[in-house]
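Student: Heads up: the sequence lines are chains Y and A, in that order.
Numbering-wise, the first sequence is residues 2 to 177 according to my numbering.
Numbering-wise, the second sequence is residues 2 to 177 according to my numbering.
Every residue, glycine too, gets a C-beta built ideally from N, C-alpha and C.
Input: one structure, supplied below.
2 protein chains.
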Amino acid sequence: MISSSNAAGRINGSEEHGSFPSGMKAALALAGWLVLCFGAASLGGIFMPGEWYATLKKPSWNPPGWIFGPVWTALYTMMAVAAWLVWKRGGFAAQRKPLALFLTQLALNAIWTPLFFGLHWPAIAFAEIVMLWLAIAATLAAFRPVNRAAAWLLAPYLVWVSFATALNFALWRLNT
Amino acid sequence: MISSSNAAGRINGSEEHGSFPSGMKAALALAGWLVLCFGAASLGGIFMPGEWYATLKKPSWNPPGWIFGPVWTALYTMMAVAAWLVWKRGGFAAQRKPLALFLTQLALNAIWTPLFFGLHWPAIAFAEIVMLWLAIAATLAAFRPVNRAAAWLLAPYLVWVSFATALNFALWRLNT
Chain Y
2 MISSSNAAGR INGSEEHGSF PSGMKAALAL AGWLVLCFGA ASLGGIFMPG
52 EWYATLKKPS WNPPGWIFGP VWTALYTMMA VAAWLVWKRG GFAAQRKPLA
102 LFLTQLALNA IWTPLFFGLH WPAIAFAEIV MLWLAIAATL AAFRPVNRAA
152 AWLLAPYLVW VSFATALNFA LWRLNT
Chain A
2 MISSSNAAGR INGSEEHGSF PSGMKAALAL AGWLVLCFGA ASLGGIFMPG
52 EWYATLKKPS WNPPGWIFGP VWTALYTMMA VAAWLVWKRG GFAAQRKPLA
102 LFLTQLALNA IWTPLFFGLH WPAIAFAEIV MLWLAIAATL AAFRPVNRAA
152 AWLLAPYLVW VSFATALNFA LWRLNT
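In structure tokens form, the structure reads like this:
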């Protein structure tokens with residue numbers, strides 16, 4: 002088993018360069034994961050709910066709009082920390098599969114907003130969010146044996162996307 | 002019809018602030034599209050062809066490895082310029098659909114590398130690249146009425162992804 006402090010300095014299997022203390026390297030890596038996750042999030046921010054969304058019929062359990070900002074901020078932060086915890090165990094070389102699953106779910110997350118709020122395609126967005134749900138579940142399962150805390154950090158995200166999937170389904174069916 | 006010079010300063014339908022000259026705004030926007038496209042590209046760079054890829058049976062028409070770097074650099078640059086040309090015609094507010102299609106294809110592009118080189122899933126990567134091809138074709142068709150040059154800038158990308166789709170198919174079938 003690789004100790005996380007030794008492994009923190011390695012990306013893509015390259016050796017420790019020794020130019021940074023390992024604590025600083027780990028902090029830089031955490032910053033990198035945060036930039037990546039909030040970068041994906043900001044792509045979604047381009048297409049805000051507008052007139053079209055206002056005219057949609059909503060289910061009775063549709064949450065108030067102000068809730069989405071704080072919830073997603075918390076979820077993207079936990080997501081970044083989870084990926085960083087897994088990355089610390091040997092970098093991309095050692096954690097190729099779990100981190101590839103993570104990046105796949107992150108890109109699927111980024112696609113949903115252009116499909117729903119950009120293209121106004123609730124049916125295709127629904128098919129896409131089901132794939133996102135599966136990718137998150139697979140990522141959580143792949144993180145679990147590497148770092149238990151990382152898997153737990155993804156649990157609220159999976160719960161929220163389950164709810165978002167139901168909401169997308171309702172918005173699609175109520176407006177066809 | 003909206004003139005591109007008036008429209009260049011607007012993002013998300015917000016009004017001109019007048020704090021930058023419009024030439025500088027347009028240059029900053031081009032830089033933004035380049036950062037976005039090369040950001041998506043660099044996600045792919047995390048998972049390089051390694052031992053696993055070296056052991057795969059290749060078709061006779063498999064191109065030499067050195068060709069991919071320069072080709073993708075040119076394609077991502079043309080892609081960014083194409084999106085920027087469309088964005089200049091009224092920003093996200095006016096070009097919601099074409100730009101949402103563009104961002105969808107960009108995220109699908111970013112997913113392929115983790116699926117193929119990260120997870121070693123050639124069959125799922127093939128299904129995914131077919132969706133990417135469709136998204137690029139839809140983006141090209143949506144760009145055409147907005148800016149003819151933008152559509153042409155995506156043509157080499159569509160041709161290359163057609164070839165990449167055939168290559169992915171061959172690599173999948175030769176190794177099952």
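Would you call the region 76-84 of chain A and the region 115-128 of chain A in contact, with 3 or more CB pairs under 8 angstroms?
Tutor: no
Student: In three-state DSSP terms, what is Y:N63?
Tutor: Position 62 of the first sequence holds residue 63 of chain Y. Note: Y:N63 maps to coil in three-state DSSP.
Student: Taking only three categories from DSSP, how would you classify Y:R174?
Tutor: Your numbering for residue 174 of chain Y matches position 173 in the first sequence. Looking at Y:R174 - three-state DSSP - the assignment turns out to be helix.
Student: May I ask you to report which of helix, strand or coil DSSP gives A:K58?
Tutor: The residue given as residue 58 of chain A occupies position 57 in the second sequence. In this structure, A:K58 counts as coil in the three-state DSSP scheme.
Student: In angstroms with no decimal places, state the Cα-to-Cα distance between A:H18 and A:M25.
Tutor: As a working mapping, residue 18 of chain A is identified with position 17 in the second sequence. As a working mapping, residue 25 of chain A is identified with position 24 in the second sequence. For A:H18, the pLDDT reaches just 47, beneath the cut-off of 50, and the residue's location in the model is therefore unreliable, although a value from the coordinates is still provided. Going from the Cα of A:H18 to the Cα of A:M25 covers about 13 angstroms.
Student: In this structure, how does DSSP classify A:I47 when only helix, strand and coil are distinguished?
Tutor: Taking the second sequence and counting its residues from 1, one reaches residue 47 of chain A at position 46. Of the three classes helix, strand and coil, the one that applies to A:I47 here is coil, per DSSP.
Student: Chain Y beta carbons: is any one of them nearer than 8 angstroms to that of A:I47?
Tutor: Taking the second sequence and counting its residues from 1, the one referred to as residue 47 of chain A is at position 46. Judged by the 8 angstroms Cβ criterion, A:I47 is in contact with chain Y.
Student: Under 9 angstroms between beta-carbons, which chain A residues line up against Y:T78? List them in chain order, please.
Tutor: As a first step, residue 78 of chain Y is located in the first sequence; it is residue number 77 there, counting from the start. The premise fails here: Y:T78 is roughly 20 angstroms from chain A at the closest Cβ pair, so nothing lies under 9 angstroms.
Student: Answer with buried or exposed for Y:L175, where buried requires no fewer than 16 other C-beta atoms within 10 angstroms of its C-beta.
Tutor: As a first step, residue 175 of chain Y is located in the first sequence; it is residue number 174 there, counting from the start. Y:L175 comes out exposed.
Student: At which residues does the alpha helix (DSSP H) containing Y:V147 begin and terminate?
Tutor: Counting from one through the first sequence, the residue named residue 147 of chain Y turns up at place 146. For Y:V147, there is no enclosing alpha helix (DSSP H), since its DSSP letter is neither H nor E.
Student: When you compare the CB of A:L44 with every CB in chain Y, is at least one pair closer than 8 angstroms?
Tutor: For this step, residue 44 of chain A is matched to residue 43 along the second sequence. It does: the Cβ of A:L44 has a partner Cβ on chain Y nearer than 8 angstroms.
Student: Figure out for me which residue from Y:W85, Y:G40, Y:L57, Y:A55 has the closest Cα to the Cα of Y:T74.
Tutor: The sequence position of residue 74 of chain Y within the first sequence is 73, counting from 1. The option with the nearest alpha carbon to Y:T74 is Y:G40.
Student: Please classify A:P157: does DSSP put it in a helix, a strand, or coil?
Tutor: For the purposes of this step, residue 157 of chain A is identified with residue 156 of the second sequence, where counting begins at 1. In the structure shown, A:P157 sits in a helix (DSSP, three-state: H, G or I).
Student: Let me check understanding here. Comparing Cα to Cα, which of A:T177, A:F170, A:A151 lies closest to A:Y77?
Tutor: In the second sequence, counting from the first residue as 1, residue 77 of chain A sits at position 76. The option with the nearest alpha carbon to A:Y77 is A:A151.
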